[in-house]
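Scroll down for the structure; my scribbles are underneath it.
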Amino acid sequence: MIRHAFARAYLGLILIFLYAPIAVMAVMSLNASEFYALPFRFSTEWYERLFTNDEILAAAWRSVWIAVVVAIIATALGTMATLALWRHDFPGKRILQALLFPPIAVPWLITGTAMLIFFFGVGIGRGTPAVIIGHVALALPYVIVTVFARMQSFDRALEEAARSLGARPLTVARKVILPHAAPGIIAGALFAFAVSFDQFVVSYFLAEPGDSTLPVLIYSAIRKGFTPEINAVSTIIILISMAVMVLAARYAKFGGTR
Amino acid sequence: MSEVRVEGLTKAYGPTKALDDVTLTFPEGGFFGLLGPSGSGKTTLLRAIAGFVQPDHGRIFIGDQPVEGTAVEDRNIGMVFQSYALFPNMTVAENVAFGLEVRRVPSGDRARRVAEVLELVQLGPLGNRKPQDLSGGQRQRVAMARAIVTRPRVLLLDEPLSALDRALRVDMQIELKRIQREVGITTIFVTHDQEEALTLSDQIGILKDGRLVRHGPPRAVYDDPQDAFTAHFLGEANILTGRVEAQGLRLTDGTLLPGVTTARIALRPEALTASIEQPATPHRLQARLVQRIFSGAMGTCILDWQGQTLKLTAPDRALAALPETGGPQVWLSWPAGAALPLRDPR
């Protein structure tokens, strides 16, 4: 019982540690005072201002569509790469697989710098195409890890059964392999969306001024001066990101079963 | 429905030969059991016929058609896997319909054939269930139905009953045999369970280290194993060794077994009779009773003969005259024909 109570307290502390700052921000986004003054007076003023701020709305829209495009491209590329890695043995496969994961650990600042230099070198330069390419590169390992993990539970006899019943490779892929991979592919797509939507560093490096995504815009806004409007937009971003992650966890079956 | 024939089939994985020059005919409409210890090549042989394994040498015919160059999906086979391999995202009916769908059978015809085959395996009302909602025995039936609905030329079964518990396995053996008889399809079946092979098969083949050791009808092979491996693998056997003399086989303890012309013989435990008195037959020897084991209707005696352990099984009533605990010398005797000659070199 004591261990039980300790475990609960510990979990409680971790959750407080994780969520207290976010909760404060969310509460303050609903406080009427511009200077965080207490007592708390409820107001939706900052949200109202947000939705009349064209600059923020444009950046939000750009963030969303870039994230959707990135999710589609990264998921398509990542799924195909995963199925190739899972299905075939070829020379250099192990090296290729090993090389897929370090980008997750390389600081985004460094990746961003490298991309900026590289994109200028090859003539892509800065701008939305560069942002999309950069985000896809960042998101790809997440897609591959998620889909690959899912394929580990695939019973190869299913593929053999389908072939013994007369199904050609494309039919096997469509009717047997993809339905099994689907939850992993959906989770991978959600991860890719989240990586892109939440991305600041690489976007900051690669976006052209005036063409920024929401996180970049928030950063520049904070530099000019902190307003509760930023609290409001940040709260919305957090809610979207968390919703995406909860969905991804559900499909990837992190903890619990579905 | 076709005869299946393999000729000189060889497959090596590195230095080990999974199949070593196997030539065998699987008769049309028959139930052929492939039997052997793990690593004997029986599964490799089945998978080579299916097309999942490419042999290094040799030929495979389904009907009159050589199929070595034919992909699995074009061989028109039905296969039941050890894990059943039912598609988890499809219902029972969809699983069964899969092979018809890829063959572009019109949907009306397809539904009728699915219903028919589900009826045959006695799963009529379960078509809308998902495989995960079925019991092990039901899954087995679905796998059978899915494999035969396309009317394949040959049905390949890879240890189809090994995932079931014992009682269910015996039921399913009877089921399997019934379904095979009704459909009349050439069936090749891999198992490591010798009893299962004897029960189900019209013919059996025994493999060891990639080589076909023996094949034939189960009773013929059981009654005349011809080599020590087969004698041991199929049923149990006491193997006696001696020296061949003009009058018969002289065992190491001096006993002469008249009429035996090989240096080694196998005696089935159930062929032996034990008695305290010396029996009036020359087919006998004297051994020390180590233990008598009661196991219900049948009893087992463990005996020691010249340092070698012998085994005898008989209805428990027939053993009543023997003491429960070991010690005394007893006589073992057998009918003249029960000494099975072993002809393989040692």
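Read top to bottom, the protein sequences are chains A and B.
Numbering-wise (the numbering used here), the first sequence opens with residue 1 and increments by one.
Numbering-wise (the numbering used here), the second sequence opens with residue 259 and increments by one.
Glycine included, each C-beta is placed from N, C-alpha and C at the ideal position.
Please read all numbers here as calculations on a predicted model, not as lab measurements.
Counting contacts by CB-CB distance shorter than 9 Å, is aspartate 155 of chain A in contact with chain B? Yes, aspartate 155 of chain A lies at the interface with chain B (some Cβ there is under 9 Å from its Cβ).
What number of angstroms, rounded off, separates the C-alpha of leucine 458 of chain B from the C-alpha of arginine 150 of chain A? Per the coordinates, the alpha-carbon of leucine 458 of chain B lies some 39 Å from the alpha-carbon of arginine 150 of chain A.
For alanine 9 of chain A and leucine 15 of chain A, what's the separation of their Cα atoms in angstroms? The alpha-carbon of alanine 9 of chain A is positioned some 10 Å away from that of leucine 15 of chain A.
Any idea what DSSP makes of glycine 255 of chain A, helix, strand or coil? At glycine 255 of chain A, the pLDDT of 41 sits below 50, so the modelled position is not reliable and the matter cannot be decided from this model.
Does the CB of leucine 83 of chain A have a neighbour CB from chain D at under 9 Å? Here chain D cannot be found, since the structure's protein chains are A and B.
Could you tell me the alpha carbon to alpha carbon distance between leucine 577 of chain B and leucine 507 of chain B, rounded to whole angstroms? When rounded, the distance between both Cα atoms is 28 Å.
What is the DSSP secondary structure of asparagine 287 of chain A, reduced to helix, strand or coil? Because residue 287 of chain A is not part of the residues shown, which for chain A are 1 to 258, the question remains open.
Does the beta carbon of threonine 257 of chain A come closer than 9 Å to any beta carbon on chain B? With a pLDDT of 43 at threonine 257 of chain A, under the threshold of 50, the modelled position of this residue cannot be trusted; read the value that follows with caution. Chain B has no Cβ within less than 9 Å of the Cβ of threonine 257 of chain A.
Check this for me: beta carbons of arginine 550 of chain B and leucine 514 of chain B, under 9 Å apart or not? Between arginine 550 of chain B and leucine 514 of chain B, the CB-CB gap reaches or exceeds 9 Å.
Return the Cβ separation of glutamate 265 of chain B and arginine 317 of chain B in integer angstroms, given the expectation that the two are a contact with Cβ distance under 8 Å. Between arginine 317 of chain B and glutamate 265 of chain B the Cβ distance is about 5 Å, and since that is below 8 Å, they are a contact.
What residues in its chain sit with their C-beta under 7 Å from that of leucine 140 of chain A, if we drop five residues either side in the sequence? Around leucine 140 of chain A: Ala74, Leu77 and Gly78.
Where the segment 358-382 of chain B meets chain A: residues whose CB sits under 8 Å from a CB there: Listed in sequence order: Val360 and Arg361.
Positions along the segment 160-183 of chain A whose CB lies within less than 8 Å of some CB in chain B: Result list: Glu160, Ala161, Ala162, Arg163, Ser164, Leu165, Gly166, Ala167, Arg168, Thr171, Lys175, Val176, Pro179 and His180.
From the beta carbon of asparagine 386 of chain B, is the nearest beta carbon of chain A less than 9 Å away? Interface flag for asparagine 386 of chain B against chain A is unset, since no Cβ pair is found closer than 9 Å.
Would a check of beta-carbon distances place threonine 138 of chain A closer than 9 Å to chain B? It is worth fixing the name first, because residue 138 of chain A is leucine in this sequence and not threonine. Not one chain B Cβ lies under 9 Å of leucine 138 of chain A.
Pull up the distance between the alpha-carbon of isoleucine 560 of chain B and that of alanine 478 of chain B, whole angstroms please. Between the C-alpha atoms of isoleucine 560 of chain B and alanine 478 of chain B there is a straight-line separation of about 27 Å.
Roughly how far, in whole angstroms, is the beta-carbon of leucine 492 of chain B from the beta-carbon of glutamine 452 of chain B, given that I think they are within contact range, below 8 Å? The C-beta distance from leucine 492 of chain B to glutamine 452 of chain B rounds to 5 Å, short enough to meet the 8 Å contact threshold.
Any beta-carbon of chain A closer than 9 Å to the one on phenylalanine 356 of chain B? Phenylalanine 356 of chain B has a beta carbon lying within less than 9 Å of a beta carbon in chain A.
Chain A contact for methionine 337 of chain B (CB, 9 Å cutoff): Yes, methionine 337 of chain B lies at the interface with chain A (some Cβ there is under 9 Å from its Cβ).
Just checking my contact of valine 244 of chain A with tryptophan 108 of chain A at CB under 8 Å: how many whole Å lie between their CB atoms? The Cβ separation is near 19 Å, so there is no contact.
Residues that alanine 308 of chain B contacts on chain A, provided the C-beta gap is smaller than 7 Å: Within 7 Å Cβ-Cβ: Ser164.
On the three-pair Cβ rule with 8 Å, is the segment 21-30 of chain A touching the segment 231-242 of chain A? Yes: at least three Cβ pairs fall under 8 Å.
At which residue ranges does the segment 14-50 of chain A contain complete alpha helix (DSSP H) runs of 4 or more residues, listed in the order of the chain? As far as the segment 14-50 of chain A is concerned, its whole alpha helix (DSSP H) runs of at least 4 residues are 45-50.
Between leucine 11 of chain A and chain B, is the shortest Cβ-Cβ distance under 9 Å, so that the two count as touching? No, because no Cβ of chain B sits closer than 9 Å to the Cβ of leucine 11 of chain A.
Taking only beta-carbon atoms, is aspartate 332 of chain B less than 9 Å away from chain A? So, interface residue.
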